[in-house]
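Visitor:
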Amino acid sequence: MAKPIVAVVGRPNVGKSTLFNKLIGQRLAIVEDTPGVTRDRIFGDCEWQNHTFLLVDTGGIEMGEDDIQTHIRHQAQLAIDAAECIIMVVDLRAGVTAQDQDIANQLMRSGKPVVLAVNKVDRIGEPPMELYDFYSLGLGELYPISSVHGHGTGDLLDAVCEHLNFEDENDQEDERITVAVIGRPNVGKSSLINYILGENRMIVANEAGTTRDAIDSQVDNKYGSFVFTDTAGLRKRGKVEEGVERYSVLRSLAAVERSRVCVIMIDATVGFTEQDSKVAGYAHEQGKACIIAVNKWDAVEKDDKTMDVQRKKLMNDFSFMSYAPIIFISAKTGQRVDRLFELIKYVDSQNALRVTTGMLNELLARATARVQPPSDKGRRLKIYYMTQISTRPPTFVCFVNRKDLFHFSYQRYIENQIRETFGLEGTPVRMVVRERG
Ligand code: GDP
Ligand code: GDP
Numbered sequence: 001m002a003k004p005i006v007a008v009v010g011r012p013n014v015g016k017s018t019l020f021n022k023l024i025g026q027r028l029a030i031v032e033d034t035p036g037v038t039r040d041r042i043f044g045d046c047e048w049q050n051h052t053f054l055l056v057d058t059g060g061i062e063m064g065e066d067d068i069q070t071h072i073r074h075q076a077q078l079a080i081d082a083a084e085c086i087i088m089v090v091d092l093r094a095g096v097t098a099q100d101q102d103i104a105n106q107l108m109r110s111g112k113p114v115v116l117a118v119n120k121v122d123r124i125g126e127p128p129m130e131l132y133d134f135y136s137l138g139l140g141e142l143y144p145i146s147s148v149h150g151h152g153t154g155d156l157l158d159a160v161c162e163h164l165n166f167e168d169e170n171d172q173e174d175e176r177i178t179v180a181v182i183g184r185p186n187v188g189k190s191s192l193i194n195y196i197l198g199e200n201r202m203i204v205a206n207e208a209g210t211t212r213d214a215i216d217s218q219v220d221n222k223y224g225s226f227v228f229t230d231t232a233g234l235r236k237r238g239k240v241e242e243g244v245e246r247y248s249v250l251r252s253l254a255a256v257e258r259s260r261v262c263v264i265m266i267d268a269t270v271g272f273t274e275q276d277s278k279v280a281g282y283a284h285e286q287g288k289a290c291i292i293a294v295n296k297w298d299a300v301e302k303d304d305k306t307m308d309v310q311r312k313k314l315m316n317d318f319s320f321m322s323y324a325p326i327i328f329i330s331a332k333t334g335q336r337v338d339r340l341f342e343l344i345k346y347v348d349s350q351n352a353l354r355v356t357t358g359m360l361n362e363l364l365a366r367a368t369a370r371v372q373p374p375s376d377k378g379r380r381l382k383i384y385y386m387t388q389i390s391t392r393p394p395t396f397v398c399f400v401n402r403k404d405l406f407h408f409s410y411q412r413y414i415e416n417q418i419r420e421t422f423g424l425e426g427t428p429v430r431m432v433v434r435e436r437g
């Protein structure tokens, strides 16, 4: 079920982010309309030959105060830890540099498959002689590309896909619900896991993850069977050096990718921060079922209005995921952790909900009668037909006469009608618009 992760690495200015944007280009149009979460994007789905993988631009990951050399090493290490295959980008015009060799050596030692992209080969035709210099990196086959124009990216993607394992794609649904607990450092993620594990006297399942060796924790209780993904790092905490925090971005990203439900944890004593919405943005964009868990509720001084006030504020802060239920918990005392399990089950089922085409089109007829579709210069939007094409998350395709007339606000209106009628609580939904003459 989890998509393989592919990471783009290389020294600054070789064209990583240009390549990244080119490769996830088409996909963006569908999910772009989410304010606040798509800026400085570092990951996105890449579709190629009926396969989908998650592409990560390590160049976009912030690393704090490192000098450039350390910075590059850290990025490469992130890629090695999280990715199933690595695209190393070098710059034809700059030639082979010592930094390139350094990265290449580090990647080779890891044993991970590496595909070498020689970028800025803008002219089609006879490959320039300088290209062959890059064989000296010892990474085997070269893939000349132009990230700006897109030349050569097809062969590159073919090579990448040969290294990926897509076996999972058509897997039967697992009975077990995979859950990622994500959030900023110190919000209480490991405390919650420890509480749950203590309570349930659980089995620690050492499962080889699809992307790397992650340790998952299985919990069976009266609510069902759950697997908390990537909890190894959580439980080890304390012994692990400080520097490890910088890895948390990619760690949580990988954990989100491997899960069906994301529990986005906020610290009640701190309140909302920008970083919280970034973390939540991963889950939203990946179409995961989401719950916002406000932890350390025991430590908050409160009266009978505090919860309502906080809830309202959070709904505003997380307006891009207004579908996510908000729960106030304490990992310390265990308050409402039972309820959290109920919610996890519930949002997971909503994420897999199927609505029949008949019901959707009845809804469409009612909705368009109540609020007229937008028009421009005498042409009015017509929505001919709507059908659900997939689940996790529920994805609907609308066939319309003119795409440009189907404004965001009207899409929102239709989405809200769908939600009002069918629930879909705790899950993002996607709307794909297709024109039909
Ligand atoms: P990054 O630091 O590795 O992410 O590199 P960027 O993607 O920011 O690109 C660095 C510079 O190289 C930018 O000015 C890009 O426009 C340029 N660039 C990237 N790819 C190509 C390419 O295929 N051909 C040419 N001519 N320039 C490119
Ligand atoms: P993580 O970095 O998100 O895994 O956070 P930790 O689980 O390590 O918790 C960070 C700190 O918050 C620790 O000192 C915990 O004891 C404390 N903490 C975690 N959950 C709670 C809670 O529900 N209530 C209170 N009062 N403290 C908590």
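All the letters of the sequence shown, read from the start, carry residue numbers 1 to 437 under the UniProt record's numbering.
A virtual CB, placed ideally from N, CA and C, is assigned to each residue, including glycine.
(1) Quick one: measure Cβ to Cβ for residue 182 and residue 265, integer angstroms, because I've assumed they're closer than 8 Å.
(2) Are the Cβ atoms of residue 395 and residue 383 separated by less than 8 Å?
(3) Are there any heavy atoms of ligand 1 lying less than 7 Å away from the beta-carbon of residue 12, as far as the coordinates show?
(4) Taking buried to mean at least 16 other C-beta atoms within 10 Å of its own C-beta, is residue 205 buried or exposed?
(5) Tell me the rounded alpha-carbon separation between residue 28 and residue 400.
(6) Is there at least one non-hydrogen atom of ligand 1 closer than 7 Å to the beta-carbon of residue 44?
(7) Can you check which of these residues, 95, 221, 387 and 104, is closest to residue 132 by C-alpha distance?
(8) Please return the same chain residues whose Cβ sits closer than 7 Å to the Cβ of residue 209, not counting the five positions on each side in sequence.
(9) Between residue 23 and residue 153, how many whole angstroms is the CB-CB distance? I'm expecting something under 8 Å.
(10) Any heavy atom of ligand 2 inside 7 Å of the beta-carbon of residue 189?
(11) Drop a sphere of 10 angstroms on the beta-carbon of residue 313, count the other beta-carbons inside from all chains shown, and report buried for 16 or more, exposed for fewer.
(12) Measure the CB-CB distance between residue 256 and residue 282 and report whether it falls below 8 Å.
(13) Buried or exposed: which applies to residue 143, given that a residue is buried once 16 or more other Cβ atoms fall within 10 Å of its Cβ?
(14) Can you find a heavy atom of ligand 2 that lies under 7 Å from the Cβ of residue 332?
(15) Decide if the segment 363 to 380 is in contact with the segment 218 to 231; the criterion is three or more beta carbon pairs, one per stretch, under 8 Å apart.
(16) Compute the beta-carbon to beta-carbon distance between residue 86 and residue 114, rounded to the nearest angstrom, for a pair I have assumed lies under 8 Å.
(17) Taking the alpha-carbon of residue 436 as reference, which of 100, 386 and 390 has the nearest alpha-carbon?
(18) Suppose you measure from the CA of residue 278 to the CA of residue 296; what does that come to, to the nearest Å?
(19) Three-state secondary structure (DSSP) at residue 272?
(20) Just to confirm my understanding: we take residue 417, look at its own chain, exclude 5 residues before and 5 after, and list those with CB closer than 7 Å. What are they?
(21) Taking Cβ positions, are residue 398 and residue 433 nearer each other than 8 Å?
(22) Can you pull the DSSP bridge partners for residue 380?
(23) Tell me the residue span of the beta strand (DSSP E) that contains residue 435.
(24) In or out: residue 271 buried (at least 16 other Cβ within 10 Å) or exposed?
(25) Taking 7 Å as the cut-off, is the beta-carbon of residue 299 closer than that to any non-hydrogen atom of ligand 2?
(26) I'd like to confirm something about residue 440: is its beta-carbon nearer than 7 Å to some heavy atom of ligand 1, or not?
(27) Could you tell me the distance, in whole angstroms, from the CA atom of residue 34 to the CA atom of residue 320?
(28) Would you list the residues sitting across from residue 51 in a DSSP beta bridge?
(29) Going by the beta-carbon positions, is the gap between residue 107 and residue 76 smaller than 8 Å?
(30) Alpha helix (DSSP H) containing residue 341: first to last residue?
(31) Does the beta-carbon distance from residue 226 to residue 329 come in below 8 Å?
Guide: Reading from the atomic positions:
(1) 7 Å
(2) Judged by beta-carbon spacing, residue 383 lies beyond the 8 Å limit of residue 395, meaning their Cβ atoms are not closer than that value.
(3) yes
(4) Low local confidence applies: a pLDDT of 46 at residue 205 is under 50, so the model's placement there is unreliable, and no value is given.
(5) Because the pLDDT of residue 28 is 45, which lies under 50, any placement of that residue in the model is unreliable, and the number read from its coordinates should be weighed accordingly. Straight-line Cα distance between these residues: approximately 20 Å.
(6) no
(7) Looking only at 95, 221, 387 and 104, the smallest Cα-Cα distance to residue 132 is reached by 95.
(8) Residue confidence is low: residue 209 scores 37 on pLDDT, short of 50, so the model does not pin down where it sits. No coordinate-derived value is stated.
(9) 7 Å
(10) yes
(11) exposed
(12) yes
(13) buried
(14) At least one heavy atom of ligand 2 falls within 7 Å of the beta-carbon of residue 332.
(15) When Cβ pairs closer than 8 Å are counted between the two stretches, the segment 363 to 380 is seen not to touch the segment 218 to 231, the count staying below three.
(16) About 5 Å; that satisfies the 8 Å criterion.
(17) 386
(18) 21 Å
(19) coil
(20) 363 and 367
(21) Contact: yes.
(22) 375
(23) For residue 435, the enclosing beta strand (DSSP E) starts and ends at 430 to 435.
(24) exposed
(25) For ligand 2, at least one heavy atom lies less than 7 Å from the Cβ of residue 299.
(26) Outside the shown range of the chain (1 to 437) lies residue 440, about which nothing can therefore be said.
(27) Because the pLDDT of residue 34 is 43, which lies under 50, any placement of that residue in the model is unreliable, and the number read from its coordinates should be weighed accordingly. Approximately 7 Å between the Cα atoms of the pair.
(28) 48
(29) Yes, the Cβ-Cβ distance between residue 107 and residue 76 is below 8 Å.
(30) 337 to 351
(31) No, these two residues do not count as a Cβ contact at 8 Å.
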